[in-house]
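Okay, structure first, notes after.
In the working numbering, the protein residues as written are 217 to 450.
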């Protein structure tokens, strides 16, 4: 059987194009073991956080706090962006992101707010700095960049939560009523997960992409309890 030179040239060209992808995947665990481990950890945590905040949104909605449900829904959307980013990086390194099976504990909205504030503070002050310190020597620039994006977005989350953290005090009902009387809009950057109340004027404050990368998070009022954007495959 005769094989044309054009076909052989095309086949060789196609194989050569696959070499960088194959080499990157093969180099994943060997060249970047600490980075791969950190990405698996962050992916699992972000997927869990996405589910948790979606569940918290459903609880707030059932308790009659649509504005607080909207906040949790925005946080869930941001965590979904982070999960998609980490999942994509893992696949590029030849890894398969594992779906976490952690159970989500749902309490009252007052307790959920308190728990969210505590977890965000722990991630911001301890977990992210520790992770970045561990992977710095491997110099995987894209992983470092996206972990930094997530870290900065978590700082925004903490600020948003702290605005209503006092609602976890004895005066929850009074303060929650004030919050519910002042509806807030939330926008999430689809590149880095930045979560803001107003669209930035020229570029995202975290990743510097234009504001057209932001998507507004719909209010929870007419959504099924517990629903939230899914992390997706990235």
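We put the beta carbon where it would ideally sit given N, CA and C, even for glycine.
It should be emphasised that the depicted structure is a prediction, and the values quoted were computed from it without experimental measurement.
Please classify residue 314: is it buried, with 16 or more other beta-carbons within 10 angstroms of its beta-carbon, or exposed?
For the purposes of this step, residue 314 is taken as the residue at position 98 of the chain shown. So residue 314 counts as exposed.
Whole-angstrom Cβ separation of residue 273 and residue 285, contact assumed at under 8 Å?
Taking the chain shown and counting its residues from 1, the one referred to as residue 273 is at position 57. Taking the chain shown and counting its residues from 1, the one referred to as residue 285 is at position 69. Indeed, because the Cβ distance is near 4 Å, the residues count as touching under 8 Å.
Looking only at its chain, what residues have a beta carbon closer than 8 Å to the beta carbon of residue 337, apart from the 5 residues adjacent to it on each side?
Looking up residue 337 in the chain shown gives position 121. For residue 337, where only same-chain residues beyond five positions count, the Cβ hits under 8 Å are 374.
Quick one: grab the DSSP three-state call for residue 357.
Mapped onto the chain shown, residue 357 falls at position 141. Reduced to three states, the DSSP call for residue 357 is helix.
Within the same chain, show all residues whose beta-carbon is closer than 6 Å to that of residue 335, passing over the 5 residues directly before and after it, in chain order.
Within the chain shown, numbered from 1, the residue matching residue 335 stands at position 119. Closer than 6 Å at Cβ, skipping near neighbours: no residue.
Using 8 Å as the threshold, is the C-beta distance between residue 359 and residue 291 below it?
Along the chain shown, read from residue 1 onward, the residue named residue 359 stands at position 143. Along the chain shown, read from residue 1 onward, the residue named residue 291 stands at position 75. No, the Cβ-Cβ distance between residue 359 and residue 291 is not below 8 Å.
Proximity winner among 404, 379 and 432, relative to residue 420 (alpha-carbon distances)
Position 204 of the chain shown, counting from 1, holds the residue named residue 420. Closest in C-alpha terms to residue 420, from the list 404, 379 and 432, comes 404.
How many Å lie between residue 353 and residue 400 at the Cα?
Residue numbering aside, residue 353 sits at position 137 when the chain shown is read from its first letter. Residue numbering aside, residue 400 sits at position 184 when the chain shown is read from its first letter. When rounded, the distance between both Cα atoms is 42 Å.
Would residue 346 pass as a contact of residue 377 if the rule is Cβ separation under 8 Å?
In the chain shown, residue 346 corresponds to position 130, counting from 1. In the chain shown, residue 377 corresponds to position 161, counting from 1. Contact flag unset, no.
Counted within 10 angstroms of its Cβ, other Cβ atoms place residue 270 as buried (16 or more) or exposed
In the chain shown, the residue the question calls residue 270 occupies position 54. Residue environment: residue 270 is assigned as buried (16 or more neighbouring CB atoms within 10 Å of its CB, all protein chains considered).
Can you tell me the Cα-Cα spacing of residue 429 and residue 307, whole angstroms?
The residue given as residue 429 occupies position 213 in the chain shown. The residue given as residue 307 occupies position 91 in the chain shown. Roughly 23 Å separates the two Cα atoms.
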